[in-house]
Amino acid sequence: MAVHLLSYEVSDLCLGKPPLNPLPISATVADALTAIKSSDYQFISVWTTAAGNAVHDRCIGKVSMVDIIFYLCKDNNLESPSSALNSPVSVLLSDVPGLVTHVEASLSLMDAIDLILQGTQNLVVPIKTSSRRKLQKPLFCWLTEEDIIRFLLNSIGLFSPTPTISIDRLGIINPNFLSIDYHSLSSTSIEAFSQSLSRQQTSVAVIDGDGILIGEISPFILACSTGDLMDCGGPTEELVKIMRSRLKDRKLEEFVICSETDNNGYSVRMVRSAEAIVCHPWSSLVAVMIQAIAHRVNYVWVIEEDYSLVGIVTFSSILGVFHEDLQSMV
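Counting in my numbering, the sequence shown runs from 1257 upward without gaps.
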């Protein structure tokens, strides 16, 4: 029976995870850029500091490479990239409440899933240390949807027959997703991608006029396509030149993997490296879980045999299925 899973705490899921390297709220965008380069996570955590009491330091948000890209690509920042890099890191934080939540190490697995389903993207969990080891400051780590999905996958047999049921039958294919047309100018994808990343942690689908999935614009592609910016290390003259040439003169080309079409701009034409991870409505739940984890994404696009896009399955919707199963055992 899967009932024994109800006894697990979030600390059990954090074993071996690297500690967060807190970035103070007093840091700059350039500091965030440098911190991301050396981080073990896709996001870096931003913290406020309680004067004289490190125990009450709090994580108030997270920042990714894509957040920095979006900020630097604003019109006024393109005119003065050096000033933009010296802006406070607070300008990068999302205004969506509850994306990051502090929890106790003893929080139950069920309660952790509840928080994820309510919209939390990262749980901040204190790392347990030996009583003999005295630290000046407590250590914390992230716990994400992916961590919980991986944990459940290790005990997938206990949920039989649910994992073998198709995602269509389970009703977890979401037909509401963000997409842009294959021939759209790259600059038109900025708002859609920003919304997709901040609220859903997914990508933007690229489709043609017949609704056929051509590819996607993902955080991973954006981060990789601008990776050389991270190697510059800070707001130097070299970085300023790169910012101007890459983001202004090329019409925001770095936002997508694209090809030149005419003198008016660039179209969102995805290349092989930008192909999306897909499944079919009849794919089993466990197959979709394995597929997503293998490719380090928290969603899978759902297509028909003719490659027409019908929806998306996310880790959040998958967790909803397991949450119902676990609730039935309480």
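Note that beta-carbon positions come from the ideal geometry of N, C-alpha and C, so glycine has one too.
Given residue i as reference, the closest of the options once Cα atoms are compared
i        : options                                : result
Thr-1290 : Ala-1550, Asp-1370, Ser-1320           : Ser-1320
Pro-1275 : Glu-1472, Pro-1344, Leu-1399, Pro-1353 : Leu-1399
Tyr-1563 : Thr-1458, Ile-1300, Lys-1384, Gly-1465 : Gly-1465
Leu-1279 : Glu-1265, Ser-1263, Tyr-1297, Val-1345 : Val-1345
Asp-1313 : Thr-1284, Ser-1339, Pro-1382           : Pro-1382
Glu-1560 : Ser-1343, Gly-1467, Thr-1305, Gly-1471 : Gly-1467
Ser-1343 : Val-1356, Asp-1287, Val-1380, Ser-1573 : Asp-1287
Beta carbon proximity, residue i to chain C, threshold 8 Å
i        : result
Met-1585 : Among the chains in the structure shown there is no chain C, since it carries only a single protein chain.
Residue burial classification, residue i (beta-carbon count within 10 angstroms, cutoff 16)
i        : result
Met-1545 : buried
Pro-1419 : buried
Val-1524 : Residue placement at Val-1524 is flagged as unreliable, the pLDDT there being 36, under the threshold of 50; the coordinate-derived value follows with that caveat. With 16 or more other Cβ atoms within 10 Å, it is buried.
Gly-1427 : exposed
Glu-1401 : buried
Gly-1375 : exposed
Ala-1550 : exposed
Thr-1385 : exposed
Asp-1403 : buried
Trp-1538 : exposed
Lys-1318 : buried
Secondary structure of residue i, DSSP reduced to three states
i        : result
Tyr-1264 : coil
Arg-1314 : strand
Gly-1576 : helix
Val-1319 : strand
Lys-1507 : At Lys-1507 the pLDDT is 46, less than 50, meaning the model places this residue with poor confidence; the figure from the coordinates comes in the next sentence. Coil.
Tyr-1555 : strand
Pro-1382 : strand
Phe-1430 : As written in the sequence, residue 1430 is Asn, which differs from the Phe given in the question. Asn-1430: strand per DSSP, three-state reduction.
Thr-1376 : coil
Val-1544 : helix
Rounded distance between the beta-carbons of residue j and residue i, thought under 8 Å
i        : j        : result
Ser-1411 : Leu-1261 : 6 Å
Backbone CA spacing between residue i and residue j [nearest angstrom]
i        : j        : result
Gln-1583 : Val-1566 : 30 Å
Ile-1473 : His-1536 : 20 Å
Thr-1570 : Ile-1292 : 25 Å
Val-1356 : Gln-1547 : 26 Å
Leu-1469 : Val-1553 : 17 Å
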